[in-house]
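Peer 1: In full-length UniProt numbering, the protein residues as written are 1 to 204.
Just so you know, even glycine gets a beta-carbon here, dropped at the ideal spot from N, CA and C.
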């Protein structure tokens, strides 16, 4: 009987098991992008909507031209509030740099969010481009909406300026999706546990 109980327990555990971390932009490098050397005091990022339930953001990342220190933030667009923020020091230019969030942020399906980066050192540069391959405008779990930015601002300034079809700054999130089981799934597992329990009682 212990084998049956273990199987039921394993089934319950599998419902809450996280998948591997996903990066919407796929860690691709901005080959062929233009560059601008005004990333200090100028925030750049992109807005997106959560396309499915169960998304949890656990990482923030940036791929700038220059090395140094950068701050990457995750915003709630509706409330214009910062949900998560991290400063990534000793960043290497021309590659992706990631930081884990101490507390993952759960996203609401259908809600809009913004991931934004800003340089903390003078003379830092960022990538930008438009009319890019579709991989730069993700769809599905995460749906690209538009580019958002502000000039002469800080990491805590909400960016009101927008552009369509652009990627500025090249920032991204890392997330997992927790599957949301149907009620019938829980019912079947509960029934299985009940049957195993009754069998044990009869045997004893």
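#1: What does a CB cutoff of less than 7 angstroms around residue 143 pick up in its chain, not counting 5 residues either side in sequence?
#2: In the DSSP assignment, find the beta strand (DSSP E) that holds residue 208 and state where it starts and stops.
#3: With a threshold of 16 other CB atoms inside 10 Å of the CB of residue 7, please say whether the residue is buried or exposed.
#4: According to DSSP, is residue 164 part of a helix, a strand, or is it coil?
#5: I need the DSSP call for residue 135, collapsed to helix, strand or coil.
#6: Considering only the beta carbon of each residue, do residue 137 and residue 169 sit closer than 7 angstroms?
#7: What are the boundary residues of the beta strand (DSSP E) that includes residue 123?
#8: Between which two residues does the beta strand (DSSP E) carrying residue 62 extend?
#9: DSSP on residue 21, reduced to helix/strand/coil?
#10: What would DSSP say about residue 76, mapped onto helix, strand or coil?
#11: Give the DSSP-derived three-state secondary structure of residue 111 in the structure shown.
#12: Does the structure place the stretch 19-32 close enough to the stretch 158-173 that three or more beta carbon pairs sit under 8 angstroms?
#13: Would you tell me roughly how many angstroms separate the C-alpha atoms of residue 134 and residue 122, rounded to the nearest one?
#14: Along the chain, where does the beta strand (DSSP E) containing residue 174 start, and where does it finish?
#15: What is the C-beta distance between residue 40 and residue 78, in whole angstroms, given that I count them as a contact (C-beta under 8 angstroms)?
#16: Would residue 205 pass as a contact of residue 167 if the rule is Cβ separation under 7 angstroms?
#17: Which residues does DSSP pair with residue 150 in a beta bridge?
#18: Mind reading off the beta-carbon distance from residue 177 to residue 63? Whole number of angstroms is fine, and I expect it under 8 angstroms.
Peer 2: According to the structure shown:
#1: A distance below 7 angstroms between beta-carbons, with the five flanking residues on each side excluded, links residue 143 to the following residues of its chain, in chain order: 48, 49, 51.
#2: Outside the displayed range of the chain (1 to 204) lies residue 208, so it cannot be described from this structure.
#3: Summary for residue 7: the model assigns pLDDT 44, below 50, so the residue's position carries little reliability; its value from the coordinates is reported in the next sentence. Exposed, by the Cβ-count rule.
#4: Three-state result, residue 164: coil.
#5: Helix, per DSSP.
#6: No, Cβ-Cβ distance for residue 137 and residue 169 is not below 7 angstroms.
#7: No beta strand (DSSP E) holds residue 123; DSSP gives it neither H nor E.
#8: Residue range 55-62 is occupied by the beta strand (DSSP E) that includes residue 62.
#9: Note: residue 21 maps to coil in three-state DSSP.
#10: If DSSP states are grouped into helix, strand and coil, residue 76 belongs with the strands.
#11: Coil.
#12: At 8 angstroms Cβ cutoff, the stretches touch.
#13: The straight-line gap from Cα to Cα measures roughly 32 angstroms.
#14: In the DSSP assignment, residue 174 falls within the beta strand (DSSP E) that extends over 171-177.
#15: About 29 angstroms; that fails the 8 angstroms criterion.
#16: Because the chain in this structure spans residues 1 to 204, residue 205 falls outside the shown range and cannot be described.
#17: Residue pairing by DSSP places residue 150 opposite 43 in a beta bridge.
#18: The Cβ separation is near 23 angstroms, so there is no contact.
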